[in-house]
Amino acid sequence: MPEVTPLPLARLTTLRTGAAPARMYDAHTTAELVDALRRVWDDGDEWFVIGGGSNLLVGDEPFEGSVVRILTHGIEPVSGARDGYARLRVQAGQNWDELVAFAVEHGLAGITALSGIPGTAGAAPVQNVGAYGQEIVQTLVEVELLDEDTGEVSTVPASELELGFRTSVLKHHYGSVARRRAVIVSLTLELAEWGDAAAPVRGEQLRTALGLAPDDAVTLAWVRERILDIRARKGMVLDDADPDTHSAGSFFQNAVVSASFARTLPDACPRWPMAPDPAPTRVIPLDSYAGLAPMAPLPEPEVKVSSAWLIEHAGFGKGFRLPRSRAGLSTKHALALTNRGGATAGEVAELARYIRLRVSAEFGLILQPEPVLVGVEI
Numbered sequence: 067m068p069e070v071t072p073l074p075l076a077r078l079t080t081l082r083t084g085a086a087p088a089r090m091y092d093a094h095t096t097a098e099l100v101d102a103l104r105r106v107w108d109d110g111d112e113w114f115v116i117g118g119g120s121n122l123l124v125g126d127e128p129f130e131g132s133v134v135r136i137l138t139h140g141i142e143p144v145s146g147a148r149d150g151y152a153r154l155r156v157q158a159g160q161n162w163d164e165l166v167a168f169a170v171e172h173g174l175a176g177i178t179a180l181s182g183i184p185g186t187a188g189a190a191p192v193q194n195v196g197a198y199g200q201e202i203v204q205t206l207v208e209v210e211l212l213d214e215d216t217g218e219v220s221t222v223p224a225s226e227l228e229l230g231f232r233t234s235v236l237k238h239h240y241g242s243v244a245r246r247r248a249v250i251v252s253l254t255l256e257l258a259e260w261g262d263a264a265a266p267v268r269g270e271q272l273r274t275a276l277g278l279a280p281d282d283a284v285t286l287a288w289v290r291e292r293i294l295d296i297r298a299r300k301g302m303v304l305d306d307a308d309p310d311t312h313s314a315g316s317f318f319q320n321a322v323v324s325a326s327f328a329r330t331l332p333d334a335c336p337r338w339p340m341a342p343d344p345a346p347t348r349v350i351p352l353d354s355y356a357g358l359a360p361m362a363p364l365p366e367p368e369v370k371v372s373s374a375w376l377i378e379h380a381g382f383g384k385g386f387r388l389p390r391s392r393a394g395l396s397t398k399h400a401l402a403l404t405n406r407g408g409a410t411a412g413e414v415a416e417l418a419r420y421i422r423l424r425v426s427a428e429f430g431l432i433l434q435p436e437p438v439l440v441g442v443e444i
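Rendered as structure tokens:
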């Protein structure tokens, strides 16, 4: 069994908080991962898994359970792709940005806009990671999933994960538990064969971020370089010398609200309509069909609004800190809560609560945290 001496989770998470858990397992292979989780589940332990530690806020008191570190890695081509596409099977512990670099090097498109996102590949489907109009749901084919209920590994198509905006059936949202208690062992992506040539970029949101016109042709390598530069300027690429990167990325999700609620917000608040749900299929019996089927009115699409704008316009400038606190907003990006050096999880949570309350009072909207919170409340 790969049981190891527990390490403080402050050393394993990008927010740099958390004491050592009661037990810790390091899984370097799929077999070790399966064995460790089966043992934990058989013992009835509380548990969670950790990859890159980039989406966790762990409390200051020791976690009285088991933490399993997923340290598997590997990328391999597999068959089954459509014409003009290629499939890659990726181990859950594979560094995500190394995967993006591999795809770009091999001329494969579909995840380039996700360059620089910290963490591991196995975490990507859990919250359907996305940036600049690209999301993992657009390229994910299937995952190998180890279910707690059965202790067995099965291949699950992406459609069964119910991937939505920063969510899936596997996501442990704040205040609730995951609808399916399972761990991703590997995932398979299907990526477009772009090659080395320059070509126009699909997606208005990505073109806007890159400053491109619809007909501008660029290479995948150019897109990756620009995305990494944009993220670095926002403090969103890990750098030990930069306290702005000691964060969990965007701490609060961009809020998705009804169109009617969005109209109550100031016009200056950035917003993006979400794709509307398709109209449900209607079945009309032939004996009652009169030759005309009235069209059901389509609902207004929901709207994604900028939580960073709401935070700043609730009175929080970049770099804001509470008195005597070692936690603060990033000096580059108002959506990131950062550890400025030695901050406890309690200090981070206190800042998050204060921001949440102020935004709610100002705009009537309760921001939802994006990271998984373990042993801490906001």
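Counting from 67, one number per residue, gives the positions in the sequence shown under our numbering.
In this text, a Cβ means the ideal position worked out from N, Cα and C, and glycines have one as well.
Rounded separation between residue 415 and residue 443 - CA only: 7 Å
In chain order, what residues of the same chain lie with their CB nearer than 6 Å to the CB of residue 57, ignoring the 5 residues before and after it? This structure cannot settle anything about residue 57, because the visible part of the chain is limited to 67 through 444.
Indicate whether the contact test is met: 3 or more Cβ pairs, each with one atom in the region 125-132 and one in the region 160-180, closer than 8 Å. no
Enumerate in chain order the residues of its own chain whose CB-to-CB distance from residue 259 is below 7 Å, with the five nearest sequence positions on each side excluded. 150, 151, 152, 173 and 174
From this set, 237, 274, 221 and 138, which residue's C-alpha is nearest residue 254's C-alpha? 221
Please list, in chain order, all residues of the same chain as residue 435 whose beta carbon is under 7 Å from its beta carbon, the five residues on each side excluded. 240, 317, 318, 418 and 444
Given that a residue counts as buried once 16 or more other Cβ atoms are within 10 Å of its Cβ, and exposed if not, what is residue 388? exposed
What three-state label does DSSP hand residue 186 in the structure shown? strand
To the nearest angstrom, how far is it from the Cα of residue 212 to the Cα of residue 81? 28 Å
Checking 9 Å against the spacing of the C-beta atoms, do residue 200 and residue 180 come in under that value? yes
Excluding five sequence neighbours on each side, which residues of the same chain lie with their C-beta closer than 6 Å to the C-beta of residue 157? 138, 139, 140 and 252
For residue 97, count neighbouring Cβ atoms within 10 angstroms of its own Cβ and tell me buried if that reaches 16, exposed if not. exposed
So residue 426 is in the alpha helix (DSSP H); what residue range does that whole segment cover? 411-429
If you pair each beta-carbon of the region 318-332 with each one of the region 369-381, do three or more pairs fall below 8 Å? yes
Report the three-state DSSP secondary structure of residue 223 (helix, strand or coil). strand
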